[in-house]
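J.: Going by our numbering, the sequence shown opens with residue 260, and the numbers climb by one from there.
All C-beta atoms, glycine included, are put in the ideal place defined by N, C-alpha and C.
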Amino acid sequence: MCGRAGRPKYDKYGEAILFAKDIDEIDDLMDEYFRSEPEAIESKLGSEPALRMHVLASVATGHVGTEEDLLAFFNRTFYAYTGEVSQIHGKIREVLDFLAKEEFIHRQDGFLKPTFFGKRTSDLYIDPLSAVKMRDALREPRDDPIFHLWTICTTPDMPKLYLRRGDYAWVEQKIEEADFTFPVEDYDFFLSEMKTASLLDDWIAERTEEEVTKKFSIGPGDIRRMTDQGEWLLYSMAELARIFNKKKVRALTRLTTRVQYGVMEELLELISLRGVGRVRGRALFQRGFRTLRDLQKANPNDLSRIPTIGPSLAVKIKEQVGAPVD
Numbered sequence: 260m261c262g263r264a265g266r267p268k269y270d271k272y273g274e275a276i277l278f279a280k281d282i283d284e285i286d287d288l289m290d291e292y293f294r295s296e297p298e299a300i301e302s303k304l305g306s307e308p309a310l311r312m313h314v315l316a317s318v319a320t321g322h323v324g325t326e327e328d329l330l331a332f333f334n335r336t337f338y339a340y341t342g343e344v345s346q347i348h349g350k351i352r353e354v355l356d357f358l359a360k361e362e363f364i365h366r367q368d369g370f371l372k373p374t375f376f377g378k379r380t381s382d383l384y385i386d387p388l389s390a391v392k393m394r395d396a397l398r399e400p401r402d403d404p405i406f407h408l409w410t411i412c413t414t415p416d417m418p419k420l421y422l423r424r425g426d427y428a429w430v431e432q433k434i435e436e437a438d439f440t441f442p443v444e445d446y447d448f449f450l451s452e453m454k455t456a457s458l459l460d461d462w463i464a465e466r467t468e469e470e471v472t473k474k475f476s477i478g479p480g481d482i483r484r485m486t487d488q489g490e491w492l493l494y495s496m497a498e499l500a501r502i503f504n505k506k507k508v509r510a511l512t513r514l515t516t517r518v519q520y521g522v523m524e525e526l527l528e529l530i531s532l533r534g535v536g537r538v539r540g541r542a543l544f545q546r547g548f549r550t551l552r553d554l555q556k557a558n559p560n561d562l563s564r565i566p567t568i569g570p571s572l573a574v575k576i577k578e579q580v581g582a583p584v585d
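Listed below in structure tokens is the structure:
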């Protein structure tokens, strides 16, 4: 309710003010926030994604070189302090089994060594399970945007949008249009993944913020959160494509930029200019300036009359395309 009051090392104590609506509420607030027992603190390593990431990072960075070193390291964590050590060791060994099976690490005679795939995954700071899903998708023949968007939405690193009653019909229609005919284990979860992918697909189709918030019943901040995470996961998938399928690197790199700016493919050249995003890029495109070459030949006065451009940006655009205004 109050957050952290006082800064460690800088303040001797912290202050927070608790307002009661009336005198009768004072005792209730005192009981809840002052007289009650402190809430338990739980280690983040208790979650499988966090444990997978930290075990891999420990090996990939060379911090530990053997299974014994790894267990000793985790013995000194808050995770071990608050849990049953033998149980925790069992979970760590399960993670090691997974990492070895999926070829993130080599495991032999107790020694642990990262593979190039393992190092790159750790560098990208994504859940190894996300990397597995990306790797498997990269081995598939499909290389279209909706397939890549859906792939990143199947990963544990991507937050999901769950379906409301009115969503089922259009999400199932989207699945049919995407030609997703493979069997799925959990259909409701699959629908959730597809709805999430549809948000990103609408964003790169240049739907307005208002249209997206209304359709998906989310706020503008949620759009930013989803697109930021989608951008990072697509970038990560493009990096893994350099290992598993170089032919897909270009398509994934372009899709990453599209999610970053929320634009259709045709605007990629224009939004490479500083000061030009989805709105200005579309304004230029609609006025016939569709490539950097078009802008080189453009009259700066014509550019300045385009809504959202103006004289100052028109001059900067001309400078960037190698045709400065005298």
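Taking contact to mean 3 or more Cβ pairs, one atom from each stretch, closer than 8 Å, check whether the segment 529-541 and the segment 566-581 are in contact.
T.: yes
J.: For the beta strand (DSSP E) that contains Lys372, what are its first and last residues?
T.: Phe370 to Pro373
J.: Helix, strand or coil: how does DSSP classify His313 here?
T.: helix
J.: Count the other C-beta atoms from every protein chain shown that fall within 10 angstroms of the C-beta of Ala339, then say buried if there are 16 or more, exposed otherwise.
T.: buried
J.: With Leu529 and Leu543 assumed to form a contact (beta carbons below 8 Å), what rounded beta-carbon distance in angstroms separates them?
T.: 6 Å
J.: Measure the Cβ-Cβ separation of Thr228 and Lys392 and say whether it is below 7 Å.
T.: Because the chain here runs from 260 to 585, residue 228 falls outside it and cannot be looked at.
J.: Looking only at its own chain, which residues have a Cβ that is under 6 Å from the Cβ of Gln555, when we skip the five neighbours before and after it?
T.: Closer than 6 Å at the Cβ level, and outside the excluded window around Gln555, lie Val580 and Ala582.
J.: Alpha carbon to alpha carbon, how far is Thr320 from Tyr384?
T.: 12 Å
J.: Can you tell me the Cβ-Cβ gap for Gly369 and Thr325, rounded? I've got them flagged as a contact below 8 Å.
T.: 5 Å
J.: Along the alpha helix (DSSP H) that carries Arg366, what are the first and last residues, could you check?
T.: Unbroken run through Arg366 is the beta strand (DSSP E), Ile364 to Gln367; no alpha helix (DSSP H).
J.: Are at least three pairs of beta-carbons, each pair with one atom in the segment 488-495 and one in the segment 419-432, less than 8 Å apart?
T.: Result no; under three Cβ-Cβ pairs closer than 8 Å.
J.: In angstroms, rounded to a whole number, what distance separates the CA positions of Asp286 and Pro308?
T.: 41 Å
J.: Measuring only the C-alpha atoms, how far is Phe503 from Phe448?
T.: 27 Å
J.: Could you check where the alpha helix (DSSP H) with Gly569 kicks off and where it finishes?
T.: Gly569 to Gln579
J.: I'd like the span of the alpha helix (DSSP H) that includes Gly349, first residue to last.
T.: Val344 to Lys360
J.: Glu465 and Met417 - do their beta-carbons sit closer together than 7 Å?
T.: no
J.: If you measure between the beta carbons of Phe439 and Leu458, is that distance less than 7 Å?
T.: Contact: no.
J.: Since Leu408 and Asp460 should fall inside the 8 Å C-beta cutoff, what is the C-beta to C-beta distance between them, to a whole number of angstroms?
T.: 6 Å
J.: Are Arg539 and Thr516 close, meaning C-beta to C-beta below 7 Å?
T.: no
J.: Compute the Euclidean distance between the alpha carbons of Asp386 and Ser571, then round it to the nearest angstrom.
T.: 45 Å
J.: Does Ser476 come within less than 7 Å of chain D when only Cβ atoms are used?
T.: In the structure shown, chain D cannot be found, because there is only a single protein chain.
J.: Return the Cβ separation of Leu397 and Leu315 in integer angstroms, given the expectation that the two are a contact with Cβ distance under 8 Å.
T.: Wrong, their Cβ atoms sit about 19 Å apart, outside the cutoff.
J.: Less than 7 Å between the C-beta atoms of Phe332 and Val323, yes or no?
T.: yes
J.: Enumerate in chain order the residues of its own chain whose CB-to-CB distance from Ile482 is below 8 Å, with the five nearest sequence positions on each side excluded.
T.: Leu458, Trp462, Glu468, Val471 and Thr472
J.: Go ahead and label Val344 buried or exposed: buried means 16 or more other beta carbons lie within 10 angstroms of its beta carbon, across all protein chains shown.
T.: exposed
J.: On a CA-only basis, which of Arg311, Thr341, Gly273 and Glu452 is nearest Glu301? Give me that one, please.
T.: Thr341
J.: Does DSSP put Thr413 in a helix, in a strand, or in coil?
T.: Residue state, collapsed to three classes: coil.
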